[in-house]
Amino acid sequence: MLSIGLDVGTAFVKCISGSARVIFPSLYAYRTLERWESGRGIVVSVGEYALKMLEYPSAVVIRPVIEGRPVHHQGFLALVKEAVHRVCSSRRMVDAIRGDYDLSDARIVVGLPYSAGSDRTALTSLIHKALKPRSSLVVPQAAGTLVSANKRSATVMSIGQGTTEIVAFEDMKPVSGVSLMQASDYITSELGEFSYLDPSIVNEHMGEVERRAKMLADILSNRLASFMSSLNPTQECSKLLLVSGGGLLIPGVKGSLAERVKMQVEFAEDPVMANAIGLHILAGL
Ligand SMILES: Nc1ncnc2c1ncn2[C@@H]1O[C@H](COP(=O)(O)OP(=O)(O)OP(=O)(O)O)[C@@H](O)[C@H]1O
Ligand SMILES: [Mg+2]
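Mapping the sequence shown onto my numbering, position 177 (from 1) lands on 1048, and the numbers just tick up by one.
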């Protein structure tokens, strides 16, 4: 059986299958070929190629995922297909024109924000129709961090681009959770629309970034304290915090959080890929 873990985030798509592990920008773009170009029609691209399309003034560049939720179905499906293409390119194709792979032995696990539970059924059927895997499952994305840390009970804080997830898991079951609007974009939005895709831009504005990082840590540690006070203190999920998400790589965020959080904390080894690593493990169970 082929196991695929897929984390389609606001900033980056992360996908793992077997030994293949890919990450690319969550962007979808199209443009009409100009009169002086050879050929006619529309050019569509995703990921870093979509970012390159910004060079054409007439290009339409879409962010299919906003605050962790799919908002542009065509673009979202293009990202999902591209991710599968990048991790499965050695597989047999069933439709070379549409670029469809034979996934009849594949199990795909996809992560969504905790607050997007109501999108779950629609997303499952969308993925099923597009990829035709043997089975697919949509879970709260923070479950990926829990599993990648080899834990069954803990509270996970995952600081993504568009949302910060705080979800408590007791024996693998999500018992409570929130999706907060304050995430990495709280720091990067001031630096330009696509600045979050280029760490060198963040490094050029270190002073301002570190100031905002402290403010974000203040907000998140405060919301975490409120969240933890709503849990039963005798449960295991009250005793350990696992932190992941690309936000941890922004200078100042990890240190400021470590200073403010008043419970036992473990930071993910690979914060950006942590959810996808765990989703891939879940797909293989
Ligand atoms: N090497 C790096 N250096 C600095 N910052 C980084 C690095 N890699 C990622 N980031 C930051 O991580 C953020 C993206 O994190 P992540 O990939 O976890 O978000 P996402 O999953 O796409 O978003 P969401 O979970 O909210 O949908 C970006 O803001 C980016 O600035
Ligand atoms: Mg994410």
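From the three backbone atoms N, C-alpha and C, an ideal C-beta is built for every residue, glycine too.
Is Asp1056 helix, strand or coil by DSSP?
helix
I think Val980 touches Leu1153, with their Cβ atoms under 8 Å apart; what is that distance to the nearest whole Å?
5 Å
Which class does Gly1048 belong to by DSSP, given the choice of helix, strand or coil?
DSSP places Gly1048 in strand when its eight states are reduced to three.
Opposite Arg978 in the DSSP bridges: which residues?
Ser874, Ser1006
With DSSP as the reference, please indicate the residues paired to Lys885 in a beta bridge.
Asp878, Ile894
Which of helix, strand or coil DSSP assigns to Leu983:
strand
Distance, Lys1044 Cα to Ser986 Cα
Rounded to the nearest angstrom, the two C-alpha atoms are 15 Å apart.
When DSSP labels each residue in this structure, what does Leu1113 get in the three-state scheme?
strand
Evaluate the contact criterion for the stretch 880-892 versus the stretch 1139-1151: three or more CB pairs, one atom per stretch, below 8 Å.
Under the three-pair Cβ rule at 8 Å, the stretch 880-892 counts as touching the stretch 1139-1151.
Under three-state DSSP, which class holds Val1143?
coil
Inter-residue spacing [alpha-carbon to alpha-carbon] between Leu922 and Met1052
Those two C-alpha atoms are separated by around 25 Å.
Going by C-alpha distance, which of Val1027, Arg1023, Arg1131 is nearest Gln1012?
Val1027
CB Pro1142 to CB Glu1081, shorter than 7 Å?
In this structure, Pro1142 keeps its C-beta atom at 7 Å or more from the C-beta atom of Glu1081.
Which listed residue (Arg1094, Pro984, Leu1091, Val1132) has its alpha carbon closest to that of Val1010
Pro984
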